[in-house]
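A.B. asks: The structure is given below, and queries will be raised subsequently.
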Amino acid sequence: MAKDFPSRSENYSQWYNDLVIKADLAENSAVRGCMVIKPYGYAIWEKIQSTLDKKFKDTGHSNVYFPIFIPKSFFSKEASHVEGFAKECAVVTHYRLKNSPDGKGVIVDEDAKLEEELIIRPTSETIIWDTYKNWIKSYRDLPLLYNQWANVVRWEMRTRLFLRTAEFLWQEGHTAHATKEEAIREAETMLEVYADFAENWMAIPVLRGVKSPGERFAGALETYAIEALMQDGKALQAGTSHFLGQNFAKAFDVKFLNRENQLEYVWATSWGVSTRLMGALVMAHSDDNGLVLPPKLAPVQVVIVPVFKNEDQLNSISEVVLPIKKALESRGVLVKYDDRDTHKPGWKFSEYEFKGVPLRITIGPRDIENNTVEIARRDTLEKETLQITDIVEKVVHLLDQIQKNMFDRALSFREQNTFTVNTWDEFVDTIENRGGFISAHWDGTAETEEKIKDATKATIRVIPLNNVKESGRCVFSGKPSDQRVIFARAY
């Protein structure tokens, strides 16, 4: 399957796109800018979704669902919010079709114009806060800790599978609180939930921090983010959590009676991750042989491939394999036994290697005679021969080892590609010739931030949490600075 497959060094963008398609994760659809997520890709998304959903519920959140359509007037109530999304909105103007007078297909019925246009949700803050005003009357009604799994539309002109599509899947948490402190604590808690998932399930190390004012979510007072480094040296924003202050409460007049019997506005947060995580998973770990999936998110963690010439050999192999499969499954391992006679073992080896299955077990008649199997790791491509009696414990151990090795390898890559610079010449040279994360002083002004972006296409990815104060001078303006921030080119 890796035949005619470009290497990362030859063309990273083409490598990524071809890998997503050839590994059966997704493909472009008939609708420009939209994608079809195929069964194998959706199985990975389901594991991401189910893991995060449990984490949300473990932290006290419940799931809800709100309409995909949002009245246009709602977007006029919070100025910075509408400004941030205005250029990405898809607008519904009519509600009916009719047959074309020339008999060729259908046309929009010009008499069926909506009284007020509807926006297909790019995000749901407006419609949710219009609803919350009916749910919140007293401090006794707070906090509201809700999450929505949904699709959204942001009208992107230049798209790439998973990373940037006009429609994508995500979750969006929307919470309401009685105090500023509680809302900030919620936003920070959810950032840590995302970071824990990225590191311990996706095996991707992330930087935790806050966005600069110029990079904040539209309508937020503070945006917390996790940033990951991809193998081409570009950053990818892997999750965000926003402290919204009272902006949306004021815009939609959401007040509550506090314990002192006084009316005040509610404090808010929102937070979300999307199918963009699928892109991160591919780009952070995969290689020139195809996908490399961390065991915790692999739809198939172990594949067993029998080598046989006839049905009798397959039957004797199956008698040995099925108890192994059952024993592994009792330990929570996801096992596939591929006993198809329509494909040769070599073809299967190539397929499962390309699709990133963490472990492959091969067994044939000679292995049965010797009471052994061959086991191959996807992360290192190493093979070894094991006794059948040792296989269950060895597989469980190896899956843990692979998960850890993938994280350690990604962490090592990030460390080797994080650079501290002190001058503009160093900054430009590093961005152009090395990439990666750049730690540099910034004078704190939006003007300097924009000039750096225009000159190099690098943006401030995060101002690290608990940043150590350090006197210095901005790499661009030379003005005094009291801390370093992290720059990178990004997806």
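Positions 109 to 599 (our numbering) are the ones given, in order, by the sequence shown. All C-beta atoms, glycine included, are put in the ideal place defined by N, C-alpha and C.
Pick out whichever of A326, D395, A376 and W263 has its Cα sitting closest to the Cα of R293.
C.D. replies: Nearest option by C-alpha distance: A376.
A.B. asks: For my contact list, K185 and L226 are in at a C-beta cut-off of 8 Å; report their separation, rounded to the angstrom.
C.D. replies: Between L226 and K185 the Cβ distance is about 16 Å, and since that is not below 8 Å, they are no contact.
A.B. asks: Do you know offhand how far G544's Cα is from G341's?
C.D. replies: Each residue's alpha carbon lies about 4 Å from the other.
A.B. asks: With distances taken Cα to Cα, identify the nearest neighbour of V481 among R522, T528, V441 and V415.
C.D. replies: Here the closest residue by C-alpha is V415.
A.B. asks: Could you tell me whether the segment 494–508 touches the segment 463–475, where touching means 3 or more Cβ pairs closer than 8 Å?
C.D. replies: They touch, by the three-pair rule.
A.B. asks: Under 9 Å, do F183 and F193 count as touching if we go by C-beta distance?
C.D. replies: Contact flag set, yes.
A.B. asks: Buried or exposed: which applies to S115, given that a residue is buried once 16 or more other Cβ atoms fall within 10 Å of its Cβ?
C.D. replies: S115 should be labelled exposed.
A.B. asks: What do you get for M310, buried or exposed, if any count of 16 or more other CB atoms within 10 angstroms of its CB means buried?
C.D. replies: Buried: at least 16 other Cβ atoms inside 10 Å.
A.B. asks: Where A274 and N478 are concerned, what is the direct C-alpha to C-alpha distance, given to the nearest angstrom?
C.D. replies: Approximately 55 Å, taken between the alpha carbons.
A.B. asks: L253 bridges to which residues according to DSSP?
C.D. replies: Paired residue(s): T283.
A.B. asks: If you count every other CB in all the chains shown that lies within 10 Å of the CB of E280, and 16 or more means buried, which is it?
C.D. replies: Looking at its Cβ environment, which holds 16 or more other Cβ atoms inside 10 Å, E280 is buried.
A.B. asks: So what does R272 bridge to, in DSSP terms?
C.D. replies: Answer is R268.
A.B. asks: Tell me the residue span of the alpha helix (DSSP H) that contains V390.
C.D. replies: R384 to H393 is the extent of the alpha helix (DSSP H) around V390.
A.B. asks: Beta carbon of I228, beta carbon of F174: below 9 Å?
C.D. replies: Not closer than 9 Å, so no.
A.B. asks: Just confirm the distance between the C-beta atoms of L352 and K245, as a whole number of angstroms; I'd bet it's less than 8 Å.
C.D. replies: Not really, about 20 Å apart at Cβ, beyond 8 Å.
A.B. asks: Would you give the residue range spanned by the alpha helix (DSSP H) that F177 belongs to?
C.D. replies: No alpha helix (DSSP H) contains F177, which is instead part of the beta strand (DSSP E) from F177 to P179.
A.B. asks: Does DSSP put R324 in a helix, a strand or coil?
C.D. replies: Coil.
A.B. asks: Leaving aside the five residues before and after F149 along the sequence, list all residues of the same chain whose C-beta is less than 6 Å from its C-beta, in chain order.
C.D. replies: The sequence shown places Gly at residue 149, not Phe. Answer for G149: L133 and A134, listed in chain order.
A.B. asks: Which residues in the same chain as N207 place their Cβ atom closer than 7 Å to its Cβ, once the five residues preceding and following it in sequence are excluded?
C.D. replies: Here the set comprises V214.
A.B. asks: So the candidates are I152, K195, S426 and G211; which of them puts its Cα closest to the Cα of D475?
C.D. replies: Of the candidates I152, K195, S426 and G211, the one whose C-alpha sits nearest the C-alpha of D475 is S426.
A.B. asks: Using beta-carbon positions only, say whether V400 and D304 come within less than 9 Å of one another.
C.D. replies: No, the Cβ-Cβ distance between V400 and D304 is not below 9 Å.
A.B. asks: Consult DSSP for G347 and reduce its assignment to one of helix, strand or coil.
C.D. replies: DSSP places G347 in strand when its eight states are reduced to three.
A.B. asks: May I ask you to list the residues that DSSP assigns as paired with M143?
C.D. replies: According to DSSP, M143 bridges with N136.
A.B. asks: From G552 to P147, what distance separates their C-alpha atoms?
C.D. replies: Using only the alpha carbons, I get a separation of about 46 Å.
A.B. asks: How about V260 and F276: do their beta carbons lie closer than 9 Å?
C.D. replies: Yes, Cβ-Cβ distance for V260 and F276 is below 9 Å.
A.B. asks: Over what stretch of residues does the beta strand (DSSP E) that includes F364 continue unbroken?
C.D. replies: Here the beta strand (DSSP E) through F364 covers K363 to L365.
A.B. asks: Rounded to whole angstroms, what is the Cα-Cα separation between I471 and H350?
C.D. replies: C-alpha separation (whole angstroms): 52 Å.
A.B. asks: In this structure, how does DSSP classify S117 when only helix, strand and coil are distinguished?
C.D. replies: In this structure, S117 counts as coil in the three-state DSSP scheme.
A.B. asks: On the premise that I412 lies in contact with K433, defined as a C-beta separation below 8 Å, what is that separation, rounded to the nearest angstrom?
C.D. replies: Rounded, the Cβ-Cβ distance is 7 Å, consistent with contact.
A.B. asks: For Q122, which three-state DSSP category applies?
C.D. replies: Helix at Q122.
A.B. asks: Rounding to the nearest angstrom, what Cα-Cα distance links T283 and H169 in this structure?
C.D. replies: Roughly 9 Å between the two C-alpha positions.
A.B. asks: Which partner residues does R293 have in the DSSP bridge list?
C.D. replies: Per DSSP, none; premise fails for R293.
A.B. asks: If contacts are defined as beta-carbon pairs under 8 Å, then E557 and I568 qualify, I think. What distance do you get, rounded to the angstrom?
C.D. replies: The pair is a contact, with the Cβ atoms about 6 Å apart (cut-off 8 Å).
A.B. asks: Leaving aside the five residues before and after W264 along the sequence, list all residues of the same chain whose C-beta is less than 8 Å from its C-beta, in chain order.
C.D. replies: Here residue 264 is Glu; the residue named in the question, Trp, does not match the sequence. G141, E196, R272, T273 and A274.
A.B. asks: Examine the Cβ distances between the segment 379–386 and the segment 331–346 and report whether three or more of them are shorter than 8 Å.
C.D. replies: Segments in contact, yes.
A.B. asks: Closest to V443 by CA distance: which of A258, V429 and G322 is it?
C.D. replies: Nearest option by C-alpha distance: V429.
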